[in-house]
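Asker:
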Amino acid sequence: MPLKLAVLLICFAAVAAESPYRYYTWNVTYGTIYPLGVPQQGILINGQFPGPVIDSVTNDNVFINVYNSLNEPFLIHWNGVQNRRNSFVDGVFGTTCPIPPGQNFTYMLQMKDQIGSFFYFPSLAFHKAAGGFGGIKILSRPLIPVPFPPPADDYTVLIGDWYKTNHTVLRAILNRGKKLPFPHGILINGRGPNGTSFTVEQGKTYRLRICNVGLQNSLNIRIQDHKMKVVEVEGTHTMQISYSSLDIHLGQCMSVLVTADQQPKSYYIVVSSRFTTNILTSTAFLRYANSNSPPSGPLPGGPTTQVDWSLNQARSIRTNLTASGPRPNPQGSYHYGMINTSRTIRLASSAGQVNNKQRYAINSVSFVVPDTPLKLADYFKIDGVFHVGSIPDAPNGRGIYLDTSVLGTDYRTFIEIVFENYENIVQSYHLSGYSFWVVGMDGGQWTSASRNQYNLRDAVARCTVQVYPKSWTAIYVALDNVGMWNLRSEFWARQYLGQQLYVRVYTASTSLRDEYPIPKNALLCGWAKGRHTRPF
11 MPLKLAVLLI CFAAVAAESP YRYYTWNVTY GTIYPLGVPQ QGILINGQFP
61 GPVIDSVTND NVFINVYNSL NEPFLIHWNG VQNRRNSFVD GVFGTTCPIP
111 PGQNFTYMLQ MKDQIGSFFY FPSLAFHKAA GGFGGIKILS RPLIPVPFPP
161 PADDYTVLIG DWYKTNHTVL RAILNRGKKL PFPHGILING RGPNGTSFTV
211 EQGKTYRLRI CNVGLQNSLN IRIQDHKMKV VEVEGTHTMQ ISYSSLDIHL
261 GQCMSVLVTA DQQPKSYYIV VSSRFTTNIL TSTAFLRYAN SNSPPSGPLP
311 GGPTTQVDWS LNQARSIRTN LTASGPRPNP QGSYHYGMIN TSRTIRLASS
361 AGQVNNKQRY AINSVSFVVP DTPLKLADYF KIDGVFHVGS IPDAPNGRGI
411 YLDTSVLGTD YRTFIEIVFE NYENIVQSYH LSGYSFWVVG MDGGQWTSAS
461 RNQYNLRDAV ARCTVQVYPK SWTAIYVALD NVGMWNLRSE FWARQYLGQQ
511 LYVRVYTAST SLRDEYPIPK NALLCGWAKG RHTRPF
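In our numbering, the protein residues as written are 11 to 546.
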């Protein structure tokens, strides 16, 4: 082959190959929205509510330049994106300074060794109650086999409870130390009852990425006369089991396949609240193409209010050990059940009053937001912002007290965390920067004997897990991601009033292999303001 022709072919191949870099520019503004039929102030991204979906592929580098056109600081968290070796851009105040009004900041994310369905949302100032959220898709690389045929289309379905009340009013209620009222309704992709539809063609199969982006309630979803086959949960391919309805707890995402195998017409999609005295319900439509027939018959009924139904469903969702994950090897090749844990941490929630104001706590410590992000204080060695070990490893029976709780852990250790729920509500916890194995959950009090019922073979790996009333949930975590990572309640009023902490995964190493330095464009605030960053 002539050299000139070879060079041309190489250049053409380089241009034709899909770039591993993706660039987004977002403008965050207030706007009037009508999700439940009345006008209210919402947070829009590029004029959209919900915000645009981030489409990416494993190992993509994603640059999102965010302009804050609000009248107050703004911060976005990437729920489930692990940001390997770079907790500086996690987008919660413990790691990242907010964007001041009228300014912009470029988040630099890498979808390192990840696939799956996730979402983003504003993490500051109770902005989540006003919108600003959207879906994140991380597709497998083209050469990595996926354990199901390509779907005819791929829909993001964001469900969540919602208030008609302005987020500033809700925030003021919490700041006064009061509890929030019950939500007014449920949204499906930003709209109330009968406001959303998904078009399908008869005989084809579709992927729905369903995320609960709400504020306080577990939700159930079902599709009239159709089954939902679960195939992925927060980055883990699962055993493909079909369900008539699915519980999706706060902060959780899962992918289902739905085959349009019924008579062409429209069918109800129903979302309702779980474990609540008053049941909130919303509807959308699954519309068959080329058919104008409306849905008929009653709405498909939801599950019983008994916890056992939901618990058994959760246990049935397990890892597909024969499927590849982000890399071309079976997900089950990591034998987590054969690794000895070096530490057990027990975390229990509680609610109570501090100085006559409502607070929530983990192991009696109600988190106090510092004036300087913890990660910046750690990086610049700023004293007085926090101290490691400010939260005990187990419940101690003390009353609630205030502190900036930071749990100290060591890099490359393998630990067990047990969430204990002594309350009568469903809890939901998220750990930033990590995917963990949900090895067990059950009612009653956890003891060391509870380990006898752990799933040590094919437990699902995910980043958000529920804990049922008067129950416990156990997870295994391989601490392989250095940084400062938020562990929090996804019940957003509880998170706002203290039910969170930070896990400091520490190593003395300064190698780039273990942790990236602070990004050159990092915003600096609090006691870190005026410091100098190194090039990145």
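The C-beta atom is built at its ideal place from N, Cα and C for all residues, glycine as well. Every value quoted in this text rests on a predicted model; they were computed, and no experiment measured them.
Closest to Thr246 by CA distance: which of Ile125, Ile220, Asn176 and Gly307 is it?
Answerer: Start at 1 with the first residue of the sequence shown, and residue 246 comes out as number 236. Considering only alpha carbons, the answer is Ile125.
Asker: If you drop the 5 nearest sequence neighbours on each side, which residues of the same chain put their C-beta closer than 6 angstroms to that of Gly261?
Answerer: Locating residue 261 in the sequence shown gives position 251, where the first residue counts as 1. Once the five neighbours on either side are set aside, the close Cβ partners of Gly261 are Ser438, His440, Thr474 and Glu500.
Asker: If you draw a straight line from the C-alpha of Leu533 to the C-alpha of Phe115, how long is it?
Answerer: On the sequence shown, residue 533 is found 523 positions in, with the first residue counted as 1. On the sequence shown, residue 115 is found 105 positions in, with the first residue counted as 1. Cα to Cα, the separation comes out at about 8 angstroms.
Asker: Tell whether a beta-carbon distance below 8 angstroms holds between Glu426 and Thr351.
Answerer: Numbered from 1 along the sequence shown, position 416 holds the residue referred to as residue 426. Numbered from 1 along the sequence shown, position 341 holds the residue referred to as residue 351. Contact: yes.
Asker: Taking a contact to mean a Cβ-Cβ separation below 8 angstroms, would you say Val266 touches Ile220 in this structure?
Answerer: As a first step, residue 266 is located in the sequence shown; it is residue number 256 there, counting from the start. As a first step, residue 220 is located in the sequence shown; it is residue number 210 there, counting from the start. Yes. Within cutoff.
Asker: So the candidates are Arg325, Gln368 and Met494; which of them puts its Cα closest to the Cα of Thr419?
Answerer: Here the question's residue 419 lines up with position 409 in the sequence shown. It is Met494.
Asker: How should Ser334 be labelled, buried or exposed, when 16 other C-beta atoms within 10 angstroms of its C-beta is the threshold for buried?
Answerer: Position 324 of the sequence shown, counted from the start, is the residue given in the question as residue 334. Per the 10 Å Cβ criterion, buried.
Asker: Under 8 angstroms, do Arg472 and Val243 count as touching if we go by C-beta distance?
Answerer: If you number the sequence shown from 1, residue 472 lands on position 462. If you number the sequence shown from 1, residue 243 lands on position 233. A contact, by the Cβ cut-off of 8 angstroms.
Asker: Quick check: the Cα distance between Ser283 and Asn330, rounded to an integer number of angstroms?
Answerer: Locating residue 283 in the sequence shown gives position 273, where the first residue counts as 1. Locating residue 330 in the sequence shown gives position 320, where the first residue counts as 1. For Ser283 and Asn330, the distance between alpha carbons rounds to 29 angstroms.
Asker: Quick check: what's the CA-CA separation for Tyr117 versus His87?
Answerer: Within the sequence shown, the letter at position 107 stands for residue 117. Within the sequence shown, the letter at position 77 stands for residue 87. Each residue's alpha carbon lies about 10 angstroms from the other.
Asker: Please report the distance separating the alpha-carbon of Leu85 from that of Tyr40.
Answerer: Looking up residue 85 in the sequence shown gives position 75. Looking up residue 40 in the sequence shown gives position 30. Cα-Cα distance, rounded: 15 angstroms.
Asker: Can you tell me which of Ser276, Asn222 and Gln226 puts its alpha carbon nearest to the alpha carbon of Pro193?
Answerer: As a first step, residue 193 is located in the sequence shown; it is residue number 183 there, counting from the start. Of the candidates Ser276, Asn222 and Gln226, the one whose C-alpha sits nearest the C-alpha of Pro193 is Gln226.
Asker: Rounded to the nearest angstrom, what separates Lys539 and Ile528 at their Cα positions?
Answerer: Your numbering for residue 539 matches position 529 in the sequence shown. Your numbering for residue 528 matches position 518 in the sequence shown. C-alpha separation (whole angstroms): 14 angstroms.
Asker: Which full runs of the alpha helix (DSSP H) of 4+ residues lie inside the stretch 139-209, going along the chain?
Answerer: Runs of the alpha helix (DSSP H) inside the stretch 139-209: 177-185.
Asker: Got a sec, what are the start and stop residues for the beta strand (DSSP E) Asp257 sits in?
Answerer: Locating residue 257 in the sequence shown gives position 247, where the first residue counts as 1. Ser255 to Ile258 is the span of the beta strand (DSSP E), which, as asked, contains Asp257.
Asker: Name the two residues that bound the continuous alpha helix (DSSP H) containing Asn496.
Answerer: Start at 1 with the first residue of the sequence shown, and residue 496 comes out as number 486. Looking at the DSSP string, Asn496 is not in any alpha helix (DSSP H); the run it does join, the beta strand (DSSP E), is Gly493 to Ser499.
Asker: Can you round the beta-carbon distance between Lys147 and Ser66 to whole angstroms, since I take them to be within the 8 angstroms contact cut?
Answerer: In the sequence shown, counting from the first residue as 1, residue 147 sits at position 137. In the sequence shown, counting from the first residue as 1, residue 66 sits at position 56. Correct: roughly 7 angstroms between the Cβ atoms.
Asker: If you draw a straight line from the alpha carbon of Asp1 to that of Ile231, how long is it in whole angstroms?
Answerer: In the structure as shown, the chain starts at 11 and stops at 546, and residue 1 therefore has no counterpart that could be examined.
Asker: Run through DSSP, which three-state label would Tyr421 get?
Answerer: In the sequence shown, the residue the question calls residue 421 occupies position 411. In the structure shown, Tyr421 sits in coil (DSSP, three-state: anything other than H, G, I, E or B).
Asker: In whole angstroms, what separates the C-alpha of Arg3 from that of Ala459?
Answerer: Nothing in the structure corresponds to residue 3, since the chain is present only between 11 and 546.
Asker: For Ala294, which residues does DSSP report across the bridge?
Answerer: Within the sequence shown, the letter at position 284 stands for residue 294. Answer by DSSP bridge pairing, in chain order: Ile279.
Asker: In this structure, what does DSSP give as the bridge partners for Ile43?
Answerer: Translated into positions along the sequence shown, residue 43 becomes position 33. Its beta-bridge partners are Gln50.
Asker: Quick one: give me the first and last residue of the alpha helix (DSSP H) that Val317 is part of.
Answerer: Start at 1 with the first residue of the sequence shown, and residue 317 comes out as number 307. Run containing Val317: Val317 to Ser326, per the alpha helix (DSSP H) assignment.
Asker: Could you compute how far the alpha carbon of Leu184 sits from the alpha carbon of Arg369?
Answerer: As a working mapping, residue 184 is identified with position 174 in the sequence shown. As a working mapping, residue 369 is identified with position 359 in the sequence shown. Cα to Cα, the separation comes out at about 9 angstroms.
Asker: Measure the C-alpha to C-alpha separation of Lys530 and Phe98 and round it to an integer number of angstroms.
Answerer: Your numbering for residue 530 matches position 520 in the sequence shown. Your numbering for residue 98 matches position 88 in the sequence shown. Those two C-alpha atoms are separated by around 11 angstroms.
Asker: For Pro380, does the count of other Cβ atoms within 10 angstroms reach 16, so buried, or fall short, so exposed?
Answerer: For this step, residue 380 is matched to residue 370 along the sequence shown. By the 10 Å Cβ count, Pro380 comes out buried.
Asker: Between which two residues does the alpha helix (DSSP H) harbouring Trp502 extend?
Answerer: Here residue 502 corresponds to residue number 492 of the sequence shown, with the count starting at 1. Element bounds for Trp502: Trp502 to Tyr506.
Asker: Thr106: which of Ala387, Gly399, Asn465 and Gln455 sits nearest, CA to CA?
Answerer: Here residue 106 refers to the residue found at position 96 when the sequence shown is read from its first residue. Comparing Cα-Cα distances from Thr106 to each of Ala387, Gly399, Asn465 and Gln455, the minimum goes to Ala387.
Asker: Exposed or buried, which one is Ser360 when buried takes at least 16 other CB atoms within 10 Å?
Answerer: One-based indexing of the sequence shown puts residue 360 at position 350. Looking at its Cβ environment, which holds 16 or more other Cβ atoms inside 10 Å, Ser360 is buried.
Asker: Are Ser481 and Asp524 closer than 8 angstroms when you measure CB to CB?
Answerer: As a working mapping, residue 481 is identified with position 471 in the sequence shown. As a working mapping, residue 524 is identified with position 514 in the sequence shown. Not a contact, by the Cβ cut-off of 8 angstroms.
Asker: Please name the residue, chosen from Ser376, Asn78 and Tyr346, that lies closest to Ala358 on a Cα-to-Cα basis.
Answerer: The residue given as residue 358 occupies position 348 in the sequence shown. Comparing Cα-Cα distances from Ala358 to each of Ser376, Asn78 and Tyr346, the minimum goes to Ser376.
Asker: Give me whichever residues DSSP pairs with Asp452 in a beta bridge.
Answerer: For the purposes of this step, residue 452 is taken as the residue at position 442 of the sequence shown. Asp452 pairs with Trp482.
Asker: Leaving aside the five residues before and after Leu321 along the sequence, list all residues of the same chain whose C-beta is less than 7 angstroms from its C-beta, in chain order.
Answerer: Position 311 of the sequence shown, counted from the first residue, corresponds to residue 321. Met451 and Tyr478, listed in sequence order.
Asker: Report the residue from Val416, Ile485, Ser303 and Lys214 whose alpha carbon sits nearest the alpha carbon of Val515.
Answerer: Walking along the sequence shown from the start, residue 515 turns up at place 505. Comparing Cα-Cα distances from Val515 to each of Val416, Ile485, Ser303 and Lys214, the minimum goes to Val416.
Asker: Can you tell me which of Gly141, Thr166 and His542 puts its alpha carbon nearest to the alpha carbon of Lys174?
Answerer: The count along the sequence shown starts at 1 and reaches residue 174 at position 164. The candidate whose alpha carbon is nearest that of Lys174 is Gly141.
Asker: Would you report the Cα separation of Glu433 and Lys122, rounded to the nearest angstrom?
Answerer: Position 423 of the sequence shown, counted from the first residue, corresponds to residue 433. Position 112 of the sequence shown, counted from the first residue, corresponds to residue 122. Roughly 37 angstroms separates the two Cα atoms.
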